[in-house]
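Quick notes on the structure that follows.
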Amino acid sequence: MTFLDALLFHSPALIIAIPLLSAFLMPLVSRIHGKLRNIFAVSMIGLTGCVIGVLATDVLANGPRVYIFGAQDIALPLVRILFEVDSISIFMAIITILLAFIAVIYSWSFMNHQDGLDKYYTLFLLLLTSALGMELTGDVFNFFVFLEISCITSCALIAFWIDEGEALEAAFKYIVISSVGALFVLFAVGILYAQYNALNIATLANALQYSFLDKIVLVLFLVVLGMKAGLAPMHMWLPDAYGRAPPSVTLIIMSATLASFYGILRVVFTLYGNVLTTSIRFDLPLNTIVGWVLIALAIVSILIGVIMALIQSDFMRLIGYTAVAEVGYMFLAVGTGIAALGTPYATVALQGGIFHVLNDALDIGLLFLVAGAIYYVTKKRSLDDIGGLARNMKFTTIFFFIGLLAVAGMPPLNGFTSKFLIYESVYQLNPILSIIALLCSILLLAIFIKVLYAAFLGPQLPDLKDVKEAPRSMLLAMGCFAALAIIIGLFPNLFLDTLVKPAADALLNHAQYITTVVGGI
Amino acid sequence: MDKRTIAAVLAFTIVAVFFFFSIFLLHPWGAPGNVQMDNHIIVNTQNETGTNNGVTSVVFDYRGFDTLGEATILFSAVAGVMMIFRRIKE
Amino acid sequence: MIEYIPYVAVICMIFIGLYAAIFRRNLIKMVIGITIIESGVNLFLITLGYREGGVAPIYTSLPPGTTYPEQMVLPVPQALTLTSIVIGVAVLALMLSLVMHIYRKYGTLDVQKIRRLKE
Amino acid sequence: MTEMTKIVKTIANILFPFTVIFGLYVIAHGHLTPGGGFQGGAIVASGCALLLVAYGSRWVFSRIKEKRLATFESIGAIGFITVALLGIVFSMVFFGNFLAGSHLLFGTVPETGSTLADLNTGGVLPLMNFAVGVKVIAGLFVIVVVMAYASSTKEWSQ
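Chains as they are written, first to last, in my numbering: chain A, 22 to 542; chain B, 253 to 342; chain C, 1188 to 1306; chain D, 524 to 681.
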């Protein structure tokens, strides 16, 4: 058992243990020296990234891995908690750790004038742990616990700038909605436990007979996780939270939001995988209903996101509404994948949706980092107060231009690759949806051209004369995102074949997920 | 009362009645349906975890990872409260 | 009907709390509403794990003649409720500290007034 | 919170030791009798809150620095996760109960059925109980002290 095999065997547990232990150590480390705290945070997140890389190479090569907490092998009836890592969860973990690493580099210089930084880094690492835990766990109640940790830590981080009244109000709105939602998830977990006396996703999926109560459980999960992911009618918290939080915090909250999106995928494709095609009333199979509901909500959230982004004057709220629209694209693709389950274009839609998770994380992240750089330099939020920044902030303008093209889905960049997959597959389901999605994407381009002109190209405002460029570590963070966006845009098949296709197959092939646990190793 | 509250009250009562009639499908109080997981825990909590207390064996050994999440929740709540009140010292 | 009384109590608590969280305008009343929902869900978890005439699953000085596992209450819901109670404490502490700060900044606890002051 | 009268203070002085001892008993016997780290820690924290109410937040805040309490809390948390990580080292799996049935500390296995409580059982559980107990005592007391002190100071430096 060489060191690498031991590391690989224990890697699911270490992915959670390392950031958690560093979060607990943070108050002690930060009492020694401020600089040491930043180095400690960056190195710990880097270490977790390496462990995730090791696990990713193994999971992508030979299928899901199971890790039981407290025992060597699986003993049925399954009593202990176990982590089940298959290619979709490791794909989401890679996105989460990438966002966290860039956010921690960015906050190195963004936060250097703030106080209370040891609490900031503690909550940052705890939010990262909860996002990773939500993505790796194979236990329904454990998923609820990590969902709750992400609620509390992101609410505290939204309220980081306590002297701003709006940040406190946004945090309070977020914690109220999230905790009520999480309590209904607990209610659903209680119903599942009452019927099948099991809390493991694989055993539940195996034992599920889709009674009336299971319909309630599915509705509760879809509603609450949809709200946490920013789906249409329940998205009100997202623009306030993204608009009022510091941008490095917004990046990590976005990774928690994507973890809730992963939660919906896990519930629909794996927990309800066996019963997805059983027909209920008037011979409509379950997947058509769930699929079309998600598609309808996705279209509504795309429209709301784009229209509200058009009239925003606050820079970060504008990007927040664009994030709602991007979540709409993800749900549109996944909804098509569910509604037309089994047809070839459904798998293409699912791949497009999962690929769009990666691309959206990079593009919206890049835009938030640019907005943060502008706020850091000019201390102004609204687009009317800033103008003509291109002369002094050259690199930020270039990065903003790359982010603008990527979000709108222009060809050379990564937004185009996934949105093209989405348009192509959604068209075969229903052409009108694809046309709406295309038009909204063009409208997004128009919005961001307006922002580009308003913020960067216009005449130089008198009080912004002596504005200097953003510090180096912020430019480095933005540079990484821009470079990744270009690389994915130019070589999409590289990422598509190694990461996205196995992830989509892992979701569709839920039998493999179940047999690795219930069928014994 | 404006239209929004009327719509909210209506939706609220529909969901309440819907939930009210759905609880009668659960197993009656006192007679749980299948109990294979809990019987396994009750029977060999002493030889597997070495404790007399079944609940503590579930909290710290069988489902110990939940309690680790639990401790993180309390830790993050304390960090959050201290961060929100970090400027109250004179 | 008599075996479903605890579930009726659970549903009433959840929807009383939900009513307070949605319709009340005072911030503190919303926080109280959420605590009521939380205790309702805890009651639901505990009622799931009860066995008729069951004893706590603890072997120290067990009353003589109890046959385990039939006459022992299920331990797992109690562990889940323990976690849920501590979550309730953590969420409550955070919400109350936010409410104290909002009150200190806006001078009022009424949601409508806060929205008007914000503009 | 402002200070209370002398009568309340003396009663608090009388009650505080018993509450703390009972709370520590509940933590220590968590694996035998109903209780454990969380419940015992909450009892001791309620004892400390009793002192806070009786003596007022200014007195308590001057006596006990919140920094030291925060250190206690992170020590408790680190203790809990290191005991879990030791599971990897000794019993090849995270959260492994490597002490149960190993004739080391807390190692003996109780015989099945209704037995009298033997404190030396439970393997890793008592250690986890102590760690969580320390953490809950320090954590809840910090929350109560900080909120009490914040509500009593008139102006906050924004």
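Backbone N, C-alpha and C fix where the C-beta goes; we use that ideal spot for every residue, glycine too. Predicted, not measured: the structure shown is a model, and the values here were computed from it.
Presumed contact (8 Å Cβ cut-off) between residue i and residue j, rounded CB distance
i, j, result
"glycine 510 of chain A", "threonine 438 of chain A", "6 Å"
"isoleucine 395 of chain A", "leucine 410 of chain A", "7 Å"
"valine 546 of chain A", "methionine 289 of chain B", "Summary: the structure shown does not reach residue 546 of chain A, with chain A confined to residues 22 through 542, and so no result is reported for it."
"leucine 353 of chain A", "valine 447 of chain A", "6 Å"
"asparagine 163 of chain A", "phenylalanine 317 of chain B", "6 Å"
"glutamate 169 of chain A", "isoleucine 325 of chain B", "6 Å"
"leucine 167 of chain A", "glycine 332 of chain B", "Residue identity check: residue 167 of chain A is phenylalanine in the sequence provided, not leucine. About 17 Å; that fails the 8 Å criterion."
"valine 521 of chain A", "phenylalanine 376 of chain A", "5 Å"
"phenylalanine 290 of chain A", "leucine 528 of chain A", "4 Å"
"asparagine 142 of chain A", "methionine 275 of chain A", "The amino acid at residue 142 of chain A is misidentified as asparagine; the sequence shows tyrosine. Going by Cβ atoms, the distance from tyrosine 142 of chain A to methionine 275 of chain A rounds to 18 Å, so no, they are not a contact pair."
"alanine 44 of chain A", "threonine 150 of chain A", "7 Å"
"serine 403 of chain A", "aspartate 335 of chain A", "5 Å"
"valine 355 of chain A", "leucine 387 of chain A", "That pair is no contact at about 23 Å."
N- and C-terminal bounds of the alpha helix (DSSP H) containing residue i
i, result
"valine 531 of chain D", "529–551"
"tyrosine 474 of chain A", "Looking at the DSSP string, tyrosine 474 of chain A is not in any alpha helix (DSSP H), and its letter there is neither H nor E."
"isoleucine 630 of chain A", "The requested residue 630 of chain A is not part of the displayed model; chain A covers only 22 to 542."
"tyrosine 195 of chain A", "186–217"
"glutamine 298 of chain B", "297–301"
"glutamine 230 of chain A", "That residue, glutamine 230 of chain A, is in no alpha helix (DSSP H); it is neither H nor E in DSSP."
"proline 260 of chain A", "258–265"
"tryptophan 582 of chain D", "580–586"
"tyrosine 672 of chain D", "647–675"
"glutamine 449 of chain A", "435–450"
"isoleucine 611 of chain D", "589–614"
"glutamine 135 of chain A", "From DSSP, glutamine 135 of chain A is part of no alpha helix (DSSP H); its letter is neither H nor E."
"asparagine 321 of chain B", "Note that residue 321 of chain B corresponds to glycine in the displayed sequence, not to asparagine. 316–336 is the span of the alpha helix (DSSP H), which, as asked, contains glycine 321 of chain B."
"aspartate 526 of chain A", "522–529"
Neighbourhood of residue i by C-beta distance below 7 Å, restricted to the same chain and skipping five residues each side
i, result
"valine 230 of chain B", "Missing from the structure shown is residue 230 of chain B; chain B here goes from 253 to 342 and no further."
"glutamine 333 of chain A", "Leu339, Tyr342"
"glycine 294 of chain A", "Ala226, His531"
"isoleucine 566 of chain D", "Thr542, Phe545, Gly546, Val549"
"valine 659 of chain D", "Gly560, Phe561, Gly564, Ala565, Ala568"
"alanine 268 of chain B", "none"
"proline 1264 of chain C", "Leu1232, Ile1233, Leu1235, Gly1236"
Residues near residue i in its chain [Cβ-Cβ closer than 8 Å; skip 5 each side]
i, result
"glycine 282 of chain B", "none"
"leucine 482 of chain A", "Asp406, Ile407, Gly408, Gly409"
"isoleucine 457 of chain A", "Ile320, Ile323, Leu324"
"isoleucine 179 of chain A", "Ala188, Ala191, Ala192, Tyr195, Ala262, Arg265, Ala266, Val270, Ile274"
Per DSSP, cross-strand counterpart(s) of residue i
i, result
"methionine 1259 of chain C", "C:Val1242"
"threonine 1247 of chain C", "D:Thr638"
"asparagine 380 of chain A", "Its beta-bridge partners do not exist; DSSP assigns none."
"asparagine 1213 of chain C", "C:Asp1297"
"isoleucine 89 of chain A", "A:Leu103"
"threonine 158 of chain A", "A:Phe104"
"serine 403 of chain A", "A:Asp335"
"asparagine 221 of chain A", "A:Asp160"
"asparagine 514 of chain A", "BP columns for asparagine 514 of chain A are empty, so no partner."
"threonine 631 of chain D", "D:Thr644"
"glycine 282 of chain B", "C:Arg1238"
"asparagine 305 of chain B", "C:Ile1245"
Contact set for residue i: own chain, Cβ-Cβ below 6 Å, skip 5 residues either direction
i, result
"phenylalanine 584 of chain D", "Tyr672"
"isoleucine 542 of chain A", "Note that isoleucine 542 of chain A scores 45 on pLDDT, short of 50, meaning its location in the model is unreliable and no value can be drawn from it."
"tryptophan 182 of chain A", "Ala188"
"leucine 505 of chain A", "Leu383"
"glycine 202 of chain A", "Val245, Met248"
Terminal residues of the beta strand (DSSP E) in which residue i lies
i, result
"isoleucine 73 of chain A", "Not the beta strand (DSSP E): isoleucine 73 of chain A falls in the alpha helix (DSSP H), residues 55–83."
"isoleucine 183 of chain A", "Looking at the DSSP string, isoleucine 183 of chain A is not in any beta strand (DSSP E), and its letter there is neither H nor E."
Given 8 Å as the limit, is there contact between the region 125–133 of chain A and the region 71–89 of chain A, that is, 3 or more CB pairs closer than that?
no
How do the region 598–618 of chain D and the region 37–55 of chain A stand: do at least 3 beta-carbon pairs fall below 8 Å, yes or no?
yes
Given 8 Å, three or more beta-carbon pairs between the region 492–504 of chain A and the region 248–262 of chain A
no
At a cut of 8 Å, does the region 1270–1290 of chain C reach the region 1216–1232 of chain C through at least three beta carbon pairs?
yes
Pairing CB atoms from the region 1291–1302 of chain C with CB atoms from the region 1208–1223 of chain C, are three or more of them under 8 Å?
yes
When you compare the region 228–243 of chain A with the region 1252–1263 of chain C, are there three or more beta-carbon pairs, one atom per stretch, that lie closer than 8 Å?
no
Cβ pair count under 8 Å reaching 3, the region 603–612 of chain D against the region 661–671 of chain D:
no
Could you check whether the region 588–605 of chain D touches the region 648–659 of chain D, counting it as contact only if at least three pairs of C-beta atoms, one from each stretch, sit closer than 8 Å?
yes
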